[in-house]
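Asker: Once you've had a glance at the structure underneath, I'll fire off some questions.
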Amino acid sequence: MAVKIRLARRGRKKLAIFDLVVADARAPRDGRFIEKIGTYNPNSNPATIVLNDAQALKWVMNGAQPTDTAKAILSYRGILYKKHLQVGVIKGAITQEQADAKFEVWKAEKETKIQTNSTNIQDSKDKSKATRLAAEAKVSAARAEVIAAKNKVEDEALVASVVDAINESDDDVAEEVEETVVAEVAVEETPAADEAPASEEAAPAAEEAPASEEAAPAVEEAAVIEEVAPAADEAPTSEEAAPEAEAPAAE
Numbered sequence: 001m002a003v004k005i006r007l008a009r010r011g012r013k014k015l016a017i018f019d020l021v022v023a024d025a026r027a028p029r030d031g032r033f034i035e036k037i038g039t040y041n042p043n044s045n046p047a048t049i050v051l052n053d054a055q056a057l058k059w060v061m062n063g064a065q066p067t068d069t070a071k072a073i074l075s076y077r078g079i080l081y082k083k084h085l086q087v088g089v090i091k092g093a094i095t096q097e098q099a100d101a102k103f104e105v106w107k108a109e110k111e112t113k114i115q116t117n118s119t120n121i122q123d124s125k126d127k128s129k130a131t132r133l134a135a136e137a138k139v140s141a142a143r144a145e146v147i148a149a150k151n152k153v154e155d156e157a158l159v160a161s162v163v164d165a166i167n168e169s170d171d172d173v174a175e176e177v178e179e180t181v182v183a184e185v186a187v188e189e190t191p192a193a194d195e196a197p198a199s200e201e202a203a204p205a206a207e208e209a210p211a212s213e214e215a216a217p218a219v220e221e222a223a224v225i226e227e228v229a230p231a232a233d234e235a236p237t238s239e240e241a242a243p244e245a246e247a248p249a250a251e
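Sequential numbering from 1 applies to the sequence shown in the UniProt record's numbering.
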């Protein structure tokens, strides 16, 4: 029967992982297989390949035909190159030691290339990340400047409105104070005007107080005069009566 080395899909949607299997050519892709010799994960960068090199070389040497993708994976890991060297050993072109030495040199160069490629990829990622962060920082700075300018305008408008309100309140307070002072002055002046005549009238009253005191003796004197006056009137009457009485006596 024809044997193939191919990939069998597994994993969830858009994150597929593949198994590198040796299977019958007539079996379905994800069906029964003879042996699993490795895995392939294309989701990482660079792609992750785990492979049993000895078993892969054995099946390749036994005539298993890899598919295009499986062939690329085997070439990447040096399985096809190692097969080429083993064919040379079998034909007697080179010895096994030479074949192993050549493969080790190739493997070292390949590892260096892989490491360099991984480093370049990581550097590219870091540079891209730094560029993206710088662009985001620039956008954030520009946005912060716009917000600061907007806030400054709003703050200035708020301060101006507060100052206007304070000035208006000061004017109102000044007017109220002025009105209050005027009212108090008017209130203070009004009683003073009313009390001025009263005080002036009180002064004559005070001056008239002794007159009243003097009036009391005058009244008393008037009463005495009045009492004396009748007595004086009565005295001539008695005198007149006395001659009248004496007149007959003389006769």
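Think of the CB as a built atom: it goes at the ideal place given N, C-alpha and C, for glycine as much as any other residue.
Owing to the predicted nature of the structure, the values given are computational and were not obtained by experimental measurement.
#1: State the start and end residues of the unbroken alpha helix (DSSP H) segment that holds THR67.
#2: Just to check my reading of the structure: ARG6 and ALA70 have Cβ atoms closer than 8 Å, yes? What is that Cβ distance to the nearest angstrom?
#3: In three-state DSSP terms, what is LYS107?
#4: So, is LEU15 buried or exposed, given that buried needs 16 or more other C-beta atoms within 10 angstroms?
#5: Does the beta-carbon of PRO66 have 16 or more other beta-carbons within 10 angstroms, so that it is buried, or is it exposed?
#6: Compute the distance between the beta-carbons of ASN41 and ILE17, then report whether it is under 8 Å.
#7: Pick out the complete alpha helix (DSSP H) segments inside the segment 69-144, 4 residues or longer, and give them in chain order.
#8: Terminal residues of the continuous alpha helix (DSSP H) containing ASP53?
#9: How big is the Cα-Cα spacing for VAL105 and LYS125?
#10: If I measure Cβ to Cβ from VAL50 and keep anything under 6 Å in the same chain, skipping five residues before and after, which residues do I get?
#11: Pick helix, strand or coil for VAL159, following the three-state DSSP scheme.
#12: Tell me the residue span of the beta strand (DSSP E) that contains GLY11.
#13: Would you check if the distance between the CB atom of VAL60 and the CB atom of ALA25 is smaller than 8 Å?
#14: Can you tell me where the beta strand (DSSP E) holding PHE18 begins and where it ends?
#15: According to the neighbour-count rule (16 or more other Cβ atoms, all chains shown, within 10 Å of its Cβ), is ALA166 buried or exposed?
#16: Could you check how far apart the C-beta atoms of VAL22 and ALA72 are, in whole angstroms? I think they sit under 8 Å.
#17: Give every residue of the same chain whose Cβ lies closer than 7 Å to the Cβ of ASN52, excluding the five residues on either side of it in the sequence, and list them in chain order.
#18: Taking buried to mean at least 16 other C-beta atoms within 10 Å of its own C-beta, is ILE79 buried or exposed?
#19: At the level of alpha carbons, what is the spacing between ALA144 and ASP155?
#20: Between ALA137 and SER161, what straight-line distance do the alpha-carbon atoms span, to the nearest angstrom?
#21: What number of angstroms, rounded off, separates the C-alpha of VAL89 from the C-alpha of ASN62?
#22: Assign residue 255 to one of three DSSP states: helix, strand, or coil.
#23: How about LEU74 and PHE103: are their beta carbons less than 8 Å apart?
Answerer: This is what the structure holds:
#1: Where THR67 is concerned, there is no enclosing alpha helix (DSSP H), given that its DSSP letter is neither H nor E.
#2: 5 Å
#3: helix
#4: exposed
#5: buried
#6: yes
#7: 79-91
#8: 53-61
#9: 30 Å
#10: GLY38 and THR39
#11: helix
#12: 3-12
#13: no
#14: 15-24
#15: With the sequence shown as reference, residue 166 is identified as Ile, and Ala is not the correct amino acid for it. It counts as exposed.
#16: Actually they are not in contact, since the Cβ atoms of VAL22 and ALA72 sit about 17 Å apart, beyond 8 Å.
#17: ILE37 and GLY38
#18: buried
#19: 16 Å
#20: 35 Å
#21: 16 Å
#22: Here the chain comprises residues numbered 1 to 251, so residue 255 is not present and cannot be evaluated.
#23: no
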